[in-house]
Amino acid sequence: MTPELEEIVPRELQINTAPVASYLTRRLASYITEYAGRRKAIVGLSGGVDSAVVAYLSAKAVGSENTYLYLLPSSSTPEEDMEDAKAVVEMLRIPEKNCRLVSIDKHTTELASSLGKRQDRLTVANIKARVRMILLHGFASMLAGLVVGTGDKSEITIGYFTKFGDGGADLFPIGDLYKSQVRQIAAEAGLPERIYRKQPSPALWEGQSAESELGIDYPTLDRILYRRFDLWRDEESIAADLEVPLSKIERVVEQVRRTQHKRHPPEIFKLSFRSHGSDWRYPREWG
Amino acid sequence: MGLAQLSSRIGNVKENLKQHSEVMKKAEAEKVDLTCFPELSLPGYSLKDLAYEVADDCETALNTLARRTVDGQRVMCGFVKQDRLGLIQNSAAIMGYGKVIGTTSKFFLPTYGLFEELRYFVPGNPKTDLRIFESDKCRFGVIICEDAWHPEPIQVLARLGAEVIFCLASSPARGITKSEPAGELPIESQWLSLLRAHALMNNVFIAFVNRAGPEDEEFFWGGSAVVSPAGETLARAKKDETDWVSVDIDLDDVKRARRFSSFRDYRAEFHEVLRDL
Chain A
-5 MTPELEEIVP RELQINTAPV ASYLTRRLAS YITEYAGRRK AIVGLSGGVD SAVVAYLSAK
55 AVGSENTYLY LLPSSSTPEE DMEDAKAVVE MLRIPEKNCR LVSIDKHTTE LASSLGKRQD
115 RLTVANIKAR VRMILLHGFA SMLAGLVVGT GDKSEITIGY FTKFGDGGAD LFPIGDLYKS
175 QVRQIAAEAG LPERIYRKQP SPALWEGQSA ESELGIDYPT LDRILYRRFD LWRDEESIAA
235 DLEVPLSKIE RVVEQVRRTQ HKRHPPEIFK LSFRSHGSDW RYPREWG
Chain B
1015 MGLAQLSSRI GNVKENLKQH SEVMKKAEAE KVDLTCFPEL SLPGYSLKDL AYEVADDCET
1075 ALNTLARRTV DGQRVMCGFV KQDRLGLIQN SAAIMGYGKV IGTTSKFFLP TYGLFEELRY
1135 FVPGNPKTDL RIFESDKCRF GVIICEDAWH PEPIQVLARL GAEVIFCLAS SPARGITKSE
1195 PAGELPIESQ WLSLLRAHAL MNNVFIAFVN RAGPEDEEFF WGGSAVVSPA GETLARAKKD
1255 ETDWVSVDID LDDVKRARRF SSFRDYRAEF HEVLRDL
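Protein sequence lines, in the order shown, are assigned to chains A and B.
The first sequence lines up with residues -5 to 281 when you count with the numbering used here.
The second sequence lines up with residues 1015 to 1291 when you count with the numbering used here.
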């Protein structure tokens, strides 16, 4: 691994990318074709590393001809993100007819205006994510495909996603890989360097940066999450080990706790002996 | 012996029975004496509440499979057993002479991490489930997956006279790390270490028969193996996909290994200490 890559992929999180990518490809193929009985993967391509890797895995899993990539920019999407997204389309040799660019501005503006005269930034940001979800599921429905989500483990764990927006996909193939590990896969799969080195951002408003919003860089966030939740270590020892103020660790852990509801289906209040959620425990694959 | 590394469909016993029957045809054509399927091969592994609903189908399927066994052949497969209403077990059936010769049930039911077996199943009873079965050619014992993560089940079966241990498994892939050789999951190295250690300590052949393929979030990594009493790997099935592997073994290896080791030595005091802890 190059020293430049070491900077964004902490040593303890490094993986053997080839077997991991081949495992995810196999799972994606079997989920889409055998479990769901579909053939096509529908992916929203943002120009970021997560969607680039998901597009790459999808193309490997069901073939470029069955991979459909949608660029859904808004006025807050940086121009270079769309350029990077187009580079991914080209690199994966996705047929032109499988790709579409749809601006979501008019939908967002119309929906936001229905909420009243003044809307706060976060509300509009979430509308954008949900408009994208609606469009992707629309395309999936017309093509009989599945919406392949692009959430990674870092963002899922701290709840850094829009419920029923980017959180509303059929499956999350990279949901058990931290952002650093997704970057490593991107680098070793030969995706454009600009994509895996860039500052991650949902680009839901101009100049938004995930790292400044979270107050922490992704390599450090991943190292904290890995130690706290994979290795079950206490917060004090993590602070000492990473030489990060304890308050920062506590803030991350608090964010994980606060967003637990986003990682569960909506609560159903129990009344019967057999309720969905607690004691209705059938496997997803059923017969 | 033949290792039938299948990918079962959860809760679809009829479909899984077809897969078993296909393998039995191969075993018969290759004149394989001992054929083993993975843990819960007939109903699937991650059953959750379906565990309560598959016992009858399993019994019917077992009888169908057993009728297919031919002279000298022994076949082991996994099923959900319900001898008494409301008491279900994660079990293995041993078939031959056109019928089910016997069964054994899993002793150690994992309930850590992704596992929740003790929620559903009643554990096997060592006093009745540690059994030696015979074919025309050898004596063997049968255990199920987690039972290999404890020293006693294989140790007892070896001392009861087993020359071969069949371990029916459903081991899911998990753990990604750079420290392992490329392409080898930690769970795979751990299993192979376990199998070798058991084979060496108990001077037996061990046939590990794992599932392959997906089941909900889990994915079974396959990689079934036969290890000799000297700890050598005699056969390996493919990883991650279904496979069928057959291999000849030389039972004299067991005899030799037991003469040139401290196999005979057992000290009950250790278990007395353990019992009182």
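Each residue gets a CB set at the ideal place from its N, CA and C atoms; glycine is no exception.
Counting along the chain, residue 132(A) sits inside the alpha helix (DSSP H) bounded by residues 115 to 137.
Counting of Cβ neighbours within 10 angstroms places residue 178(A) among the buried residues, the total reaching 16 or more. Residue 172(A) and residue 74(A) have their alpha carbons spaced roughly 24 Å apart.
Between residue 150(A) and residue 203(A), the alpha-carbon positions lie close to 17 Å from each other. In this chain, the beta strand (DSSP E) harbouring residue 1257(B) covers 1257 to 1260.
Looking at 1062(B), 1203(B), 1070(B) and 1155(B), the one whose alpha-carbon comes closest to that of residue 1120(B) is 1155(B). With 16 or more other Cβ atoms from the protein chains shown falling within 10 Å of its own Cβ, residue 62(A) counts as buried.
With contacts defined by Cβ atoms closer than 7 Å, residue 1086(B) and residue 1150(B) form a contacting pair.
A direct Cα-Cα distance of roughly 44 Å separates residue 1061(B) from residue 1274(B). Chain order gives the chain A residues near residue 1228(B) as 21 and 24, where near means a beta carbon separation below 7 Å. Neighbours of residue 276(A) in chain B, taken as residues whose beta carbon is under 7 Å from its own, are 1062, 1063 and 1064 in chain order. Residues of the same chain with a CB within less than 7 Å of the CB of residue 213(A), apart from the 5 flanking positions on each side, are 2, 4 and 174 in chain order. The beta-carbon of residue 200(A) is placed no less than 7 Å from the nearest beta-carbon of chain B. Residue 1100(B) is classed as exposed because its beta carbon has fewer than 16 other beta carbons within 10 Å across all chains shown. By the rule that beta-carbons nearer than 7 Å mark a contact, residue 14(A) touches chain B. In the three-state DSSP reduction, residue 1152(B) falls in the coil class, being neither helix nor strand. Contact holds between the segment 47 to 67 of chain A and the segment 12 to 32 of chain A, because three or more Cβ pairs, one in each stretch, are under 8 Å apart. Comparing alpha carbon positions, the residue from 1137(B), 1153(B) and 1255(B) closest to residue 1186(B) is 1255(B). Secondary structure at residue 1115(B): strand, using DSSP grouped into helix, strand and coil. Shown here, residue 87(A) sits in coil according to DSSP, grouped into three states, outside any helix or strand. Within chain B, the residues 1024, 1025 and 1064 have their CB atoms less than 8 Å from the CB of residue 280(A), given in chain order. Nearest to residue 1088(B) by alpha-carbon distance, out of 1098(B), 1152(B), 1270(B) and 1236(B), is 1152(B). Only residues of its own chain outside the window of five on either side were considered, and among them 1241 and 1245 have a CB closer than 6 Å to the CB of residue 1210(B), listed in chain order. Residue 147(A) and residue 1243(B) have their alpha carbons spaced roughly 43 Å apart. Judged by DSSP secondary structure, residue 280(A) falls outside any alpha helix (DSSP H); it is assigned neither H nor E. Among the residues facing chain A, residue 1201(B) is not included, as its CB has no counterpart in that chain under 7 Å away. The beta carbon of residue 247(A) is closer than 7 Å to those of 222 and 229 in its chain, skipping five residues each way along the sequence. At a Cβ-Cβ threshold of 7 Å, residue 106(A) and residue 125(A) do not count as neighbours. Only residues of its own chain outside the window of five on either side were considered, and among them 43, 177, 180 and 181 have a CB closer than 6 Å to the CB of residue 190(A), listed in chain order. By the criterion of a C-beta distance shorter than 7 Å, residue 120(A) is surrounded in its chain by 156 and 159, once the five residues flanking it on both sides are discounted. Shown here, residue 223(A) sits in a helix according to DSSP, grouped into three states. Between residue 145(A) and the set 88(A), 136(A) and 46(A), the nearest pair of CA atoms involves 46(A). Around residue 122(A), the same chain offers 68, 98, 102 and 198 as residues with beta carbons nearer than 7 Å, after the five sequence neighbours per side are excluded.
Proximity to residue 281(A) across 1015(B), 1024(B), 1020(B) and 1018(B) peaks at 1024(B), based on C-alpha coordinates. Between residue 250(A) and residue 152(A), the gap from beta carbon to beta carbon is short of 7 Å. In chain order, 9 and 14 make up the part of chain A whose C-beta sits under 7 Å from the C-beta of residue 1190(B).
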